[in-house]
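Okay, structure first, notes after.
Residue numbers (this note's numbering): 69 to 269.
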């Protein structure tokens with residue numbers, strides 16, 4: 069009897085300890101080794117941003133284009149809500165990638181970012197090589213190509229996706245959120261807090 073009590077006293081704290089260590093959000097990908105690939109883009113201030121700049125940060129990722137008259141403005145109104153919830157928190161970054169780098173120059177993205185009073189150190193509007201932008205979307209962030217709902221198709225290879233992607237400080241995808249759905253956006257804001265707590269633990 070004493071042995072059984074000792075065993076229970078030993079095993080239950082261990083179970084609880086292991087439960088506490090389990091991530092509260094899923095790790096998404098074909099396997100647990102899926103991580104965001106190395107990248108190099110330019111933000112709205114003309115500064116080169118690479119994967120080294122986001123190490124250890126919780127990131128929210130989206131794809132848009134500045135001339136979009138469809139869902140992009142609505143998405144970025146939602147993203148502005150996310151931004152305001154964590155503005156000034158150096159552990160939270162927003163990466164807004166253009167899908168139209170030919171038109172979305174650094175100057176265009178700078179002007180666009182001013183609509184949201186975006187601090188380029190925290191909310192980065194990124195442009196660069198189209199192939200790398202699209203490869204990151206498909207293979208790192210797992211966004212598939214979709215139809216241009218704004219009716220402004222650039223070419224046959226065009227990504228236009230309404231989802232925001234949540235990435236943890238290890239470069240792992242942890243969630244997808246409909247940027248047009250206020251309930252989903254509120255969940256994203258809450259889940260960012262969960263990842264920040266997970267990082268502290």
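A virtual CB, placed ideally from N, CA and C, is assigned to each residue, including glycine.
Where residue 242 sits in the DSSP three-state scheme: In the structure shown, residue 242 adopts extended strand secondary structure according to DSSP, grouped into three states.
Host beta strand (DSSP E) of residue 162 (start-end): DSSP places residue 162 in the uninterrupted beta strand (DSSP E) bounded by 160-166.
Rounded distance between the beta-carbons of residue 239 and residue 104, thought under 8 Å: Yes, they are in contact, since the Cβ atoms of residue 104 and residue 239 sit about 4 Å apart, within 8 Å.
Cβ neighbour criterion (16 or more within 10 Å) applied to residue 118: Residue burial is scored here from C-beta neighbours: residue 118 has fewer than 16 other C-beta atoms within 10 angstroms and is therefore classed as exposed.
The segment 141-155 contacting the segment 257-268, beta-carbon criterion three pairs below 8 Å: Contact between the segment 141-155 and the segment 257-268 is established, with three or more Cβ pairs separated by less than 8 Å.
Contact between the segment 129-140 and the segment 91-100 (3+ Cβ pairs under 8 Å): The count of Cβ pairs closer than 8 Å, one atom from the segment 129-140 and one from the segment 91-100, stays below three, leaving the stretches out of contact.
Residue 188 to residue 158 span [Cα, whole Å]: Residue 188 and residue 158 have their alpha carbons spaced roughly 12 Å apart.
Other residues of its chain near residue 142: CB distance less than 7 Å, five sequence neighbours each side excluded: Answer for residue 142: 248, listed in chain order.
Inter-residue Cα distance where the pair is residue 173 and residue 195: Rounded to whole angstroms, the separation of the alpha carbons of residue 195 and residue 173 is 7 Å.
Alpha helix (DSSP H) segment containing residue 262, residue limits: From DSSP, the alpha helix (DSSP H) with residue 262 extends over 250-268.
Neighbourhood of residue 264 by C-beta, 7 Å cutoff - its chain only, sequence neighbours within 5 removed: Excluding residues within five positions, the ones whose Cβ falls inside 7 Å are 126 and 159.
C-beta atoms of residue 241 and residue 202 nearer than 8 Å: No. Outside cutoff.
Spatial distance of residue 169 from residue 128 (CA atoms): Taking the straight line from one Cα to the other gives about 20 Å.
Outcome for residue 180 when other beta-carbon atoms lying within 10 angstroms are tallied against a minimum of 16: That one is buried.
Environment of residue 166 [buried if 16+ CB atoms lie within 10 Å]: That one is buried.
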